[in-house]
Amino acid sequence: MREMIVSELTQAVQDLARGFAHYLPRLIVMLILAFVGWLIAYVVKVILRSILRLIKFDRLSESAGASQLLAKAALPSATEVLSRFVFWVTWLGFILLGVSVLGILGLQEQISRFFLFLPRLFVAILILLFGMLAAGFSARAALLAAVNANVPSPRLLSLAVRSMIMVFVLSVVFEELGLAEQTMVVAFGIAFGALMLGLAIAFGIGGRDLARRFLEAKFVHNKKDQDEDELSPL
Amino acid sequence: MEDGNFLTDDFLRQLINVGEVDILVGLPTHNNAKTVDSIVQTIRTGILSTFPRERAVIINADGGSHDGTPELITSLSIDDVRRASSVYALRTLHVISTKYASTPHSGVALRTILAAAELLRAKACVVISPESENITPEWIPDLIRPAYHDGFDLVCPTYRRHKFDGILMTNLLFPMVRALYGVRIREAYMSEFGFSGRFGSQFFGHNRWNEAAGEDGIELRFTLAAVTGGFRICQSFLGEKNPVERRAADLVPTLRQSVGALFSALEPDFQMWSGVSGSHEVPTTGSDQQLILDPLRVNRKRLRDMFVRGVSELESVFQSILSPSTLGELKRIAGLEEEFRYPAELWVKTVYEFAAAYRKSVINRDHIIQALAPLFRGRVYTFVVENRNGSANDVANNIEALCLEFERLKPYLLEMWKSKE
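Protein chains in written order, with the working numbering: chain A, 1 to 234; chain B, 1001 to 1421.
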């Protein structure tokens, strides 16, 4: 009996040692990959940060309105956020590559799904970035045009333009990421419809007088007013 | 070097039929049928009465008129001029019309006129605005003679204007061009001007015509090219200028064409203007600028409201363009209950900070120009309030003081220009 127990224990220890010996090189490979990955990710981060500073990415982000959002969330500059994000994605990629070397069943599929997801993630980030740029540009253009045309509530108009574009951009981003596609389509429809309905109600009922004044200013030719207003600048 | 490849075959054929000329008059048009007939006949009278022996041609560059302007111009009979003015031509006075595009563009129109002048080897040229309804025959010799006889390369106009007419000219373009380029040209943005064939040919050959931005505000770029190229410039007094009726919406396009053109010229001309200090007069023929002091109704309340509202609504935009101290001061005067003043120093700093922001493209350049409009209205308000009871001397002194302020603060612009961020 005692011999049996000793034999089983020895067998178990030997199995463990064999298993450890079998996995040790893989573990070392994983650690090497993680270390090399960290080095590469760090270099990529430094290079990316320099490029972003060179192309004045922070200014671009400021004009897109992203910097203000980051500041409100107590996050660093857009350049820093993007370079850190790329660092983590790159390092995580290498870590997952290392984990796949371990040959753990079940994880392989998840890892390959992660790598397949990466291009979509980058496309979604690009869409979000350019969408925010377009929204910032259009909102500012609307604000300037409304102020110079003396249209009432220019900031509201600018905000409406920004919101409409961002709602559209976010729905495209979520669709690209494949996250809750059905929900996003419905949410987009509801949000966009609500915005339009809200504007219609605000303009047609709530802002009846405002709308009348706006339309009058736009279409009723008030020669007297114009003659008195503007001096020939040149 | 530029060539005339963009000209139509029909236009080239007409130019070949004309042969070489001494004098060329360019008339860019777009839907000017109501006024253009009298302008063409006045130009003819001016040429026939002063230059009867010279070979001359009138070139109409049309930007796609729908009211038959080009047909009207070419159908006008010279006999009417002879009957009305008792002047006789010793040579044929040609009138040629060409449609350069389906939409008007002053840059393309001038390019067409310059190409024609180059091909016809014109010795002196003049460009007349189709909106100048009060043109007299004397304008033609006044603009041509300095270039044709006296060796000047660019003849800028000066006019008799109302004291509140052309405030963008008196409060920004004139003082800024004077401070930066060192020449006192009253009307740097010209609607009528004369030039020598030599300068026309040089500008035609070296201007960057293909750059869309470069073609905006060509009138100002033409003047600045003469200044930076070291060409001989003079001013010629033409008489009274009728103000063109403008609506509130016209201010932004006007700013684009004039201030936008000036700001965009500062970058390539930096080597030249950064070394200039002080300014000098240019030779002027005829009377110096005169002011009309008749009372004029101006809606000051609207100007004030649009300024105050602009400062408040566009604060986020101004934060990218202006320094905190300038923005703070603007907010302070916009918040005053009583009648505010936009002082000369603050106005000059505002303009210089806008110019530096434009150079650095802190935001879209067109947005920078648009953002200047409400601030300009604030300056117009101050200028109107300060000069409403002023004599011609008072107004002239105020403009001179503003010019000196632009010159005094030029190092401020240079400092911002050279700083990286």
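We put the CB at the ideal spot given by N, CA and C, even for glycine.
Pick from the options that is closest to residue i, judged by C-alpha positions
i                           : options                                       : result
proline 1157 of chain B     : B:Ala1356, B:Tyr1412, B:Gln1290 and B:Pro1411 : B:Gln1290
histidine 1280 of chain B   : B:Arg1297, B:Cys1234 and B:Ala1261            : B:Cys1234
serine 1065 of chain B      : B:Pro1104, B:Asn1387 and B:Ala1115            : B:Pro1104
valine 1177 of chain B      : B:Ile1140, B:Leu1224 and B:Gly1197            : B:Leu1224
valine 123 of chain A       : A:Leu39, A:Val172, A:Val167 and A:Thr90       : A:Val172
phenylalanine 94 of chain A : A:Val29, A:Ala194 and A:Leu177                : A:Val29
lysine 1418 of chain B      : B:Ala1357, B:Ile1059 and B:Arg1408            : B:Ala1357
glycine 1166 of chain B     : A:Leu75, A:Leu234, A:Ile51 and A:Val167       : A:Leu234
serine 232 of chain A       : B:Gly1068, B:Lys1163, B:Glu1315 and B:Ile1321 : B:Lys1163
isoleucine 1369 of chain B  : B:Pro1343, B:Leu1322 and B:Arg1408            : B:Leu1322
threonine 1045 of chain B   : B:Glu1407, B:Val1385 and B:Leu1076            : B:Leu1076
serine 1236 of chain B      : B:Val1276, B:Asp1153 and B:Pro1175            : B:Asp1153
alanine 200 of chain A      : A:Ser7, A:Val43, A:Ser138 and A:Ala160        : A:Ala160
lysine 56 of chain A        : B:Lys1360, B:Pro1070, B:Asp1269 and B:Val1057 : B:Lys1360
glutamate 1338 of chain B   : B:Ser1287, B:Gly1068, B:Val1308 and B:Arg1232 : B:Val1308
tryptophan 1273 of chain B  : B:Val1183, B:Met1306, B:Thr1350 and B:Phe1199 : B:Val1183
isoleucine 1140 of chain B  : B:Ser1049, B:Val1036, B:Asn1364 and B:Glu1118 : B:Ser1049
arginine 1304 of chain B    : B:Asp1067, B:Ile1023 and B:Thr1382            : B:Thr1382
glycine 98 of chain A       : A:Phe35, A:Ser61 and A:Asn150                 : A:Phe35
arginine 1297 of chain B    : B:Val1021, B:Asn1389, B:Leu1119 and B:Leu1255 : B:Asn1389
isoleucine 1078 of chain B  : B:Gly1068, B:Asp1394, B:Gln1271 and B:Ala1089 : B:Ala1089
aspartate 1216 of chain B   : B:Phe1199, B:Gly1239, B:Thr1228 and B:Arg1256 : B:Arg1256
proline 1295 of chain B     : B:Ile1058, B:Leu1372 and B:Val1384            : B:Val1384
valine 101 of chain A       : A:Leu121, A:Pro25 and A:Leu70                 : A:Pro25
Neighbour flag for residue i against chain B, beta carbons, 8 Å
i                       : result
arginine 59 of chain A  : yes
arginine 270 of chain A : Absent from the model: residue 270 of chain A. The displayed extent of chain A is 1 to 234, so no value can be given.
serine 232 of chain A   : yes
leucine 54 of chain A   : no
valine 147 of chain A   : yes
leucine 144 of chain A  : yes
leucine 159 of chain A  : no
arginine 49 of chain A  : no
alanine 71 of chain A   : no
alanine 141 of chain A  : yes
leucine 120 of chain A  : Looking at the sequence shown, residue 120 of chain A is not leucine but arginine. Cβ-Cβ to chain B under 8 Å: no for arginine 120 of chain A.
proline 25 of chain A   : no
N-terminal and C-terminal residue of the alpha helix (DSSP H) that residue i is part of
i                         : result
threonine 1158 of chain B : Here threonine 1158 of chain B belongs to no alpha helix (DSSP H); instead the beta strand (DSSP E) covers 1154 to 1162.
glycine 131 of chain A    : 107 to 148
serine 1312 of chain B    : 1300 to 1313
glutamate 1240 of chain B : That residue, glutamate 1240 of chain B, is in no alpha helix (DSSP H); its beta strand (DSSP E) goes 1233 to 1240.
valine 13 of chain A      : 2 to 54
proline 1374 of chain B   : 1365 to 1387
leucine 1186 of chain B   : A quick correction: the sequence has arginine, not leucine, at residue 1186 of chain B. Run containing arginine 1186 of chain B: none; DSSP gives neither H nor E here.
threonine 183 of chain A  : 181 to 201
Within chain D, partners of residue i - CB distance below 7 Å
i                            : result
phenylalanine 137 of chain A : This model lacks chain D altogether; the protein chains it does include are A and B.
Min CB distance residue i to chain A below 8 Å
i                             : result
proline 1374 of chain B       : yes
serine 1419 of chain B        : no
alanine 1213 of chain B       : Low local confidence applies: a pLDDT of 44 at alanine 1213 of chain B is under 50, so the model's placement there is unreliable, with the coordinate-based value given in what follows. No, no contact with chain A.
histidine 1030 of chain B     : no
isoleucine 1233 of chain B    : no
glutamate 1281 of chain B     : no
phenylalanine 1164 of chain B : yes
isoleucine 1321 of chain B    : no
leucine 1262 of chain B       : no
isoleucine 1333 of chain B    : no
Start and end residues, beta strand (DSSP E) containing residue i
i                             : result
threonine 1098 of chain B     : 1093 to 1099
serine 158 of chain A         : Counting along the chain, serine 158 of chain A falls outside any beta strand (DSSP E), though it belongs to the alpha helix (DSSP H) covering 154 to 177.
leucine 1120 of chain B       : Counting along the chain, leucine 1120 of chain B falls outside any beta strand (DSSP E), and DSSP gives it neither H nor E.
valine 1025 of chain B        : 1023 to 1029
phenylalanine 1195 of chain B : 1193 to 1196
Supposed close pair residue i, residue j - CB separation, criterion 8 Å
i                             : j                          : result
phenylalanine 1203 of chain B : leucine 1143 of chain B    : About 17 Å; that fails the 8 Å criterion.
alanine 1147 of chain B       : alanine 1115 of chain B    : Between alanine 1115 of chain B and alanine 1147 of chain B the Cβ distance is about 18 Å, and since that is not below 8 Å, they are no contact.
glutamate 1133 of chain B     : asparagine 1242 of chain B : 6 Å
alanine 1179 of chain B       : lysine 1349 of chain B     : Not a contact, Cβ separation roughly 13 Å.
arginine 1128 of chain B      : isoleucine 1043 of chain B : The sequence shown places isoleucine at residue 1128 of chain B, rather than the arginine named in the question. The Cβ separation is near 6 Å, so the contact holds.
leucine 1238 of chain B       : tyrosine 1189 of chain B   : 15 Å between Cβ atoms; not a contact.
Residue i: CB within 7 Å of a non-hydrogen atom of the ligand GTP
i                     : result
valine 167 of chain A : This structure lacks the ligand GTP, and indeed carries no ligand of any kind.
Point to revise | Segments of 4+ residues assigned as alpha helix (DSSP H) that fall wholly inside the stretch 58 to 85 of chain A | key: 66 to 72
Point to revise | Runs of beta strand (DSSP E) wholly within the stretch 1257 to 1294 of chain B (minimum 3 residues, chain order) | key: Inside the stretch 1257 to 1294 of chain B, DSSP marks whole beta strand (DSSP E) runs of 3 or more residues at positions 1290 to 1292, from first to last along the chain.
**Study point:** Segments of 4+ residues assigned as alpha helix (DSSP H) that fall wholly inside the stretch 1033 to 1089 of chain B
**Key:** Along the length of the stretch 1033 to 1089 of chain B, whole alpha helix (DSSP H) runs at least 4 residues long occupy 1033 to 1050, 1069 to 1075 and 1078 to 1085, reported in chain order.
Exercise for review: Could you pull out every unbroken alpha helix (DSSP H) segment of at least 4 residues lying fully inside the stretch 1316 to 1369 of chain B, listed in chain order?
Suggested key: 1324 to 1334 and 1344 to 1360
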